[in-house]
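Peer 1: Numbering (our numbering), first residue to last: 138 to 580. Note that CB positions come from ideal geometry on N, CA and C, so glycine has one too. Note that the structure is predicted; figures quoted are calculated from it, not measured.
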Ligand code: AMP
């Protein structure tokens with residue numbers, strides 16, 4: 138089938154959706170997208186063992202780096218919309234390539250993805266647009282870093298410039314630790330991602346995530362969320378990709394949100410337009426609510442994981458239309474989205490040893506799960522030849538529930554977790570402690 142012959146149809150249909158990625162985030166996107174009755178099939182490339190448990194979903198395996206093959210297969214499958222989940226293909230320009238081939242794509246091009254894949258670029262972007270963020274210094278060598286660290290009178294945070302799977306940020310407690318962190322990055326701990334280092338003023342306050350769906354000009358907001366990045370209870374231990382989340386984040390008052398829109402979201406979109414960047418995808422604003430107001434900690438160019446698993450069950454069947462409108466530059470802006478008035482929570486069950494070394498291939502048994510307003514999205518699973526579900530990652534399952542309040546939500550989640558067994562299973566018992574009235578550290 139020639140590329141051009143089918144391209145004219147692509148803009149009229151919304152039957153076959155392709156999601157790129159293999160985690161809990163992508164499974165929850167598929168789950169939300171399949172709710173729409175126009176959608177016939179949701180393909181996950183490559184997905185994981187949980188993908189085919191989702192209605193209308195099918196796993197496929199296409200090498201996204203083999204561009205000719207990719208276009209041919211997408212044409213054969215009559216793909217109407219491509220949703221790119223993870224940051225790496227976005228940073229490598231997959232969205233640009235597919236748009237050139239006339240596919241509708243949800244996900245920014247390489248230029249927009251730079252908000253995430255270069256922290257120094259993002260900081261300069263914020264400086265240009267006068268967006269509140271911590272002060273920073275971009276450094277190109279250990280010598281330069283040493284000078285700044287030694288002469289600094291304020292505590293600094295050390296960041297590798299490029300993508301590092303969420304592991305490239307160090308929060309040192311002393312100048313010595315700061316120097317060692319810079320040294321490890323310049324010595325190649327993150328390969329090329331550490332050719333440049335960003336030193337940042339350490340700021341304080343609770344963190345919150347805000348998601349704006351953008352069509353290049355306009356945006357619409359999804360429910361807010363808070364995640365728990367640290368491995369252990371009481372938000373201690375090493376940073377992880379995320380151990381759980383809840384949505385919405387009651388910490389954000391209307392006043393905060395108005396400030397965030399005026400001082401952060403709108404200036405970000407204006408600056409993208411000014412820089413000629415046609416951003417069609419989600420901007421994830423990682424924010425800290427400091428004493429002097431909300432500040433940007435980081436931008437991500439994709440949905441967060443586990444925030445995505447938490448938010449998707451709150452969306453109605455029209456969610457896929459939002460993604461499509463973004464891909465086509467056709468948001469009205471501030472659309473009225475039918476968002477559930479329930480609240481949602483997610484706890485991640487991880488493998489023993491995560492976020493460092495862990496084993497895979499461990500059998501998973503799932504007992505009697507309450508599926509009323511509850512979902513299990515596989516994060517890292519595979520299947521044996523005999524059909525046994527196995528662990529296949531550090532983060533294994535996302536256990537998600539909704540309800541009228543957070544106490545009810547987390548009670549259901551932890552009950553469901555009691556029905557999940559695999560050797561070495563670990564999860565935090567205090568996810569959402571800030572919003573659970575019945576929570577006590579003695580529990
Ligand atoms: P990032 O990957 O940039 O989001 O950083 C990971 C985590 O490091 C954030 O969620 C914060 O908890 C923390 N962090 C990053 N930058 C700063 C900063 N300038 N001051 C204090 N904490 C920070």
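Less than 8 Å between the beta carbons of residue 401 and residue 433, yes or no?
Peer 2: As a working note, residue 401 is residue 264 in the chain shown. As a working note, residue 433 is residue 296 in the chain shown. Yes.
Peer 1: Between the Cα of residue 307 and the Cα atoms of 556, 376, 572 and 188, which residue gives the shortest distance?
Peer 2: Translated into positions along the chain shown, residue 307 becomes position 170. Taking only the C-alpha atoms, the option nearest residue 307 is 376.
Peer 1: Kindly indicate the opening and closing residues of the alpha helix (DSSP H) around residue 315.
Peer 2: Locating residue 315 in the chain shown gives position 178, counting from the first residue. Element bounds for residue 315: 312–323.
Peer 1: Taking buried to mean at least 16 other C-beta atoms within 10 Å of its own C-beta, is residue 531 buried or exposed?
Peer 2: Position 394 of the chain shown holds residue 531. Burial call: buried.
Peer 1: Helix or strand or just coil, what does DSSP make of residue 464?
Peer 2: By 1-based counting over the chain shown, the position of residue 464 is 327. Note: residue 464 maps to helix in three-state DSSP.
Peer 1: Heavy atom of ligand 1 less than 7 Å from the Cβ of residue 132, yes or no?
Peer 2: Shown here, the chain extends from 138 to 580; a query on residue 132 therefore has no answer.
Peer 1: Report all residues from its chain with a CB closer than 8 Å to the CB of residue 424; omit the five preceding and five following residues, and keep chain order.
Peer 2: Along the chain shown, read from residue 1 onward, the residue named residue 424 stands at position 287. 344, 345, 346, 347, 397, 401, 431, 432, 433 and 434.
Peer 1: Pull up the CB-CB distance for residue 529 and residue 518, whole angstroms please, since I reckon it's below 8 Å.
Peer 2: Mapped onto the chain shown, residue 529 falls at position 392. Mapped onto the chain shown, residue 518 falls at position 381. Between residue 518 and residue 529 the Cβ distance is about 5 Å, and since that is below 8 Å, they are a contact.
Peer 1: Taking the alpha carbon of residue 541 as the point to measure from, which residue in 381, 478 and 277 has its own alpha carbon closest?
Peer 2: Position 404 of the chain shown, counted from the first residue, corresponds to residue 541. Selected option, being the one with the closest Cα: 478.
Peer 1: Within the same chain, show all residues whose beta-carbon is closer than 6 Å to that of residue 322, passing over the 5 residues directly before and after it, in chain order.
Peer 2: Walking along the chain shown from the start, residue 322 turns up at place 185. Answer for residue 322: 297, 331 and 334, listed in chain order.
Peer 1: What is the rounded straight-line gap between the Cα of residue 245 and the Cα of residue 579?
Peer 2: The residue labelled residue 245 in the question sits at position 108 within the chain shown. The residue labelled residue 579 in the question sits at position 442 within the chain shown. Roughly 45 Å separates the two Cα atoms.
Peer 1: Would you say the segment 236–255 touches the segment 308–317, given that touching needs at least three Cβ pairs under 8 Å?
Peer 2: Output reads no: the segment 308–317 does not touch the segment 236–255.
Peer 1: Taking 8 Å as the cut-off, does the segment 154–173 touch the segment 207–227 (at least 3 CB pairs, one atom from each stretch)?
Peer 2: Because the criterion of three Cβ pairs below 8 Å is met, the segment 207–227 and the segment 154–173 touch.
Peer 1: With residue 256 and residue 234 assumed to form a contact (beta carbons below 8 Å), what rounded beta-carbon distance in angstroms separates them?
Peer 2: Taking the chain shown and counting its residues from 1, one reaches residue 256 at position 119. Taking the chain shown and counting its residues from 1, one reaches residue 234 at position 97. The pair is not a contact, with the Cβ atoms about 25 Å apart (cut-off 8 Å).
Peer 1: Flag residue 303 as yes when its Cβ comes closer than 7 Å to any non-hydrogen atom of ligand 1, and as no otherwise.
Peer 2: The residue you call residue 303 lines up with position 166 of the chain shown. Yes; taking the cut-off as 7 Å, the Cβ of residue 303 has a heavy atom of ligand 1 nearer than that.
Peer 1: Let me know if residue 325 comes out buried or exposed under the rule of 16 or more other beta-carbons within 10 Å of its beta-carbon.
Peer 2: Translated into positions along the chain shown, residue 325 becomes position 188. Exposed.
Peer 1: Just the residues with CB closer than 5 Å to a heavy atom of ligand 1, in chain order, which are they?
Peer 2: The answer, residue by residue, is 271, 294, 306, 337, 339, 340, 423, 434 and 435.
Peer 1: When the distance is taken between beta carbons, is residue 476 closer than 8 Å to residue 452?
Peer 2: As a first step, residue 452 is located in the chain shown; it is residue number 315 there, counting from the start. As a first step, residue 476 is located in the chain shown; it is residue number 339 there, counting from the start. Yes, Cβ-Cβ distance for residue 452 and residue 476 is below 8 Å.
Peer 1: I need the DSSP call for residue 443, collapsed to helix, strand or coil.
Peer 2: Position 306 of the chain shown, counted from the start, is the residue given in the question as residue 443. Residue 443: coil per DSSP, three-state reduction.
Peer 1: Secondary structure at residue 390, three-state DSSP: helix, strand or coil?
Peer 2: Counting from 1 along the chain shown, the entry for residue 390 is found at position 253. Coil, per DSSP.
Peer 1: Would you mind sorting residue 91 into buried or exposed? The rule is 16 or more other CB atoms within 10 Å of its CB.
Peer 2: Nothing in the structure corresponds to residue 91, since the chain is present only between 138 and 580.
Peer 1: Could you name each continuous alpha helix (DSSP H) segment of 4 residues or more that falls completely within the segment 138–214, going from the start of the chain to the end?
Peer 2: The segment 138–214 contains these whole alpha helix (DSSP H) runs: 140–147, 161–170 and 204–213.
Peer 1: Report the start-end ranges of each alpha helix (DSSP H) in the segment 223–299 that is 4 residues or longer and not cut off at the edges.
Peer 2: List check, alpha helix (DSSP H) in window: 224–228, 231–237, 247–254, 256–265 and 279–288.
Peer 1: Taking residue 440 and residue 162 to be in contact with their CB atoms under 8 Å, please state how far apart those CB atoms are, rounded to whole angstroms.
Peer 2: Reading the chain shown from its first residue, position 303 is the one you call residue 440. Reading the chain shown from its first residue, position 25 is the one you call residue 162. Between residue 162 and residue 440 the Cβ distance is about 6 Å, and since that is below 8 Å, they are a contact.
Peer 1: For residue 470, which residues in the same chain have their Cβ closer than 6 Å to its Cβ, ignoring the five residues on either side in sequence?
Peer 2: What you label residue 470 is simply residue 333 of the chain shown in a count that begins at 1. If we look at residue 470 and ignore the five residues flanking it on each side, its Cβ neighbours are 355.
Peer 1: What is the DSSP secondary structure of residue 453, reduced to helix, strand or coil?
Peer 2: Position 316 of the chain shown, counting from 1, holds the residue named residue 453. Reduced to three states, the DSSP call for residue 453 is coil.
Peer 1: Kindly list the residues whose CB is nearer than 6 Å to the CB of residue 576, restricted to its own chain and excluding five residues on each side of it in sequence; keep chain order.
Peer 2: Sequence index remark: in the chain shown, residue 576 carries index 439 (1-based). So the list reads 570, once near-sequence residues are dropped.
Peer 1: Could you please give the first and the last residue of the uninterrupted alpha helix (DSSP H) stretch that includes residue 373?
Peer 2: As a working note, residue 373 is residue 236 in the chain shown. First-last for residue 373: 373–384, but that is the beta strand (DSSP E), not the alpha helix (DSSP H).
Peer 1: Just grab the DSSP bridge partners of residue 486 for me.
Peer 2: On the chain shown, position 349 is the one that residue 486 refers to. Answer by DSSP bridge pairing, in chain order: 534.
Peer 1: Using a Cβ-Cβ cutoff of less than 8 Å, which residues in the same chain neighbour residue 140 once the five nearest sequence positions on both sides are dropped?
Peer 2: One-based indexing of the chain shown puts residue 140 at position 3. Residue placement at residue 140 cannot be trusted, given a pLDDT of 39 that sits under 50; what the coordinates show is reported in the next sentence. If we look at residue 140 and ignore the five residues flanking it on each side, its Cβ neighbours are 208, 212, 238 and 239.
Peer 1: Which same chain residues end up closer than 8 Å to residue 201 when comparing Cβ atoms and leaving out the 5 residues on each side of it in sequence?
Peer 2: Taking the chain shown and counting its residues from 1, one reaches residue 201 at position 64. These residues qualify, in order along the chain: 157, 182, 207, 226 and 231.
Peer 1: From the DSSP secondary-structure annotation, give me the bridge partner or partners of residue 518.
Peer 2: Position 381 of the chain shown, counted from the first residue, corresponds to residue 518. DSSP, once it has assigned bridges, lists 528 as partnering residue 518.
Peer 1: Can you give me the C-alpha to C-alpha distance between residue 281 and residue 422, rounded to a whole angstrom?
Peer 2: Mapped onto the chain shown, residue 281 falls at position 144. Mapped onto the chain shown, residue 422 falls at position 285. Rounded to whole angstroms, residue 281 to residue 422 spans 29 Å at the Cα level.
Peer 1: What's the gap between the Cα of residue 352 and the Cα of residue 550?
Peer 2: For the purposes of this step, residue 352 is taken as the residue at position 215 of the chain shown. For the purposes of this step, residue 550 is taken as the residue at position 413 of the chain shown. Near 35 Å, if we compare the C-alpha coordinates of residue 550 and residue 352.
Peer 1: When you compare the CB positions of residue 218 and residue 445, do they come within less than 8 Å of one another, or not?
Peer 2: The sequence position of residue 218 within the chain shown is 81, counting from 1. The sequence position of residue 445 within the chain shown is 308, counting from 1. The answer is no: Cβ separation not under 8 Å.
Peer 1: Just to confirm the assignment, what range does the beta strand (DSSP E) spanning residue 356 have?
Peer 2: If you number the chain shown from 1, residue 356 lands on position 219. Where residue 356 is concerned, the enclosing beta strand (DSSP E) stretches over 356–358.
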